[in-house]
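Here the structure is laid out as structure tokens; the discussion comes afterwards.
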Amino acid sequence: MKPIILLSTCFCCHLAYATATTPAEEHAFSSQFNVLLDMTKAGGDTLERGSAVRALSTLEAQYQSGDDWLVFGNLKAFRGQNGEEISENIQGISNIDAEPFSKIYEVYVQYQVTADTRLKCGQVDANLEFAFVPVAGSFISPPLGITPTAIALPTYYDPAMSCSAFYEPERGFQWMGGVFAGRNHRNFAEQFVVAEGRYVTEKSQLSYGYWTHNGDWQTMTDENQTTAIDGWYLNYQRQITDSLTYFMVLSRLNDAVDTIEEHRMVGIVQELPWQGQQWGLMVSQAAIRHASDEWLIESYWQYPVTEQIFVQPVIQYIKHAGTELDSTYLFTLRASLTF
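So the sequence shown is numbered by this note's numbering: it starts at 904 and just counts up by one.
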């Protein structure tokens, strides 16, 4: 069965099941369907196109067996124009951009060993567990999800088979690590390994991580050698007031296998006093090897229409690192429907 047909079939089953289950059954089994729609219009310097309309659909379901076992799976389908064709900047413009695809995305089993410790094995998007800034989840720019220096991290739109362990007390030090299939996202002949530590307080979180991929990567130096690669990242967020939080990101790719060398980012998120609205602003700088730095600025305003729908106008400015393009201005309207 084609994935898009499977997606439609499962969605119909989701609706039928939701109307038929009892409250007790709903506690064990839950499902959700979401559509993210991005409509972008660009000004200034662009490449192949000056606008893009695209959508990402996600159908997910999970089964909870008692307090210990969780089985989770989801399907994703992307349709529309790839926004990367507007500017092809290194940091990207939307975290849903891709070539059209329909696929089984994540499938995993999780075991809760204790209240603070869990194990997770299956096909997993690593960026949903590692190297993310919790408060920055509403930005649409890709660097807010995955720092661009972590070029080997198995994330959207290609998760990988893996096993990970997490120790996460509510406060204090947390530790986690994972081993991911590093060859074609299924084969453990090469491995992507990540380890992360966090220090969590009531109003702040510091995350520090190291990753390595032991496959053969082609260097960009004159010697043109192959090597295993590694890098590190540091994320920090702090709540200043009840409604205002700031964050900072610093990361580095230690090997000359990609144009990007270092990434720095700062931003703020403000919870507005009207109907759950939110505003955010961030500045992201990508240090490029043998070129000027690339700058990306984003500001958004998120407005919830209902509990299931929100709209989010976004303004972005890109100062390109190369000589082909100078500056690009983008306006994106994001809409989300969840039920």
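Cβ coordinates follow ideal geometry from the N, Cα and C atoms, glycine included.
query                                                                                                                     : result
Straight-line gap, L1147 to I1171 (C-alpha atoms, nearest Å)                                                              : 7 Å
Cα-Cα separation between V1208 and Q1215, rounded to whole angstroms                                                      : 10 Å
Reduced DSSP secondary structure (H/G/I, E/B, other) of S1041                                                             : coil
Status (buried if at least 16 other CB within 10 Å, exposed otherwise) for W1114                                          : buried
For K944: DSSP bridge partner residues                                                                                    : S954, F1234
N1087 in three-state terms, based on DSSP                                                                                 : coil
Given Q1015 as reference, the closest of N1138, E1032, L1199, F1069 once Cα atoms are compared                            : F1069
Distance CB(A1055)-CB(G1080) smaller than 9 Å                                                                             : no
For I996 and K1222, the rounded distance between their alpha carbons                                                      : 12 Å
Extent of the continuous alpha helix (DSSP H) run through E991                                                            : Here E991 belongs to no alpha helix (DSSP H), and DSSP marks it neither H nor E.
CA-to-CA distance, P1003 to S1110, given in whole angstroms                                                               : 33 Å
Beta-carbon spacing of L1137, G1112 below 9 Å                                                                             : yes
A931 in three-state terms, based on DSSP                                                                                  : helix
W1177 - containing beta strand (DSSP E), residue span                                                                     : Counting along the chain, W1177 falls outside any beta strand (DSSP E), and DSSP gives it neither H nor E.
Test item: CB-CB of A1194 and H1166 under 9 Å                                                                             : no
Whole-angstrom distance between F1083 and I1057, CA atom to CA atom                                                       : One point to set straight first is that residue 1057 is Pro, not Ile, in the sequence displayed. Distance between the alpha carbons of P1057 and F1083 is about 8 Å.
Burial state of I1143 (16 or more Cβ within 10 Å)                                                                         : exposed
Cross-strand partners of K1222 (DSSP beta bridge)                                                                         : W1198, S1230
L950 to I993 span [Cα, whole Å]                                                                                           : 14 Å
Residues near W1078 by beta carbon distance below 7 Å, same chain, minus five either side                                 : Y1070, G1100
Under 9 Å between C-beta atoms of Q1219 and W1182                                                                         : no
A980 (DSSP reduced to helix, strand or coil)                                                                              : strand
Residues that DSSP places opposite Y1102 in a beta bridge                                                                 : F1076, L1109
Cut-off 6 Å between Cβ atoms - residues of its own chain near D1229, not counting five sequence neighbours on either side : D948
N1157, DSSP secondary structure in three states                                                                           : coil
Pairwise C-alpha distance: Y966 and Q1026                                                                                 : 16 Å
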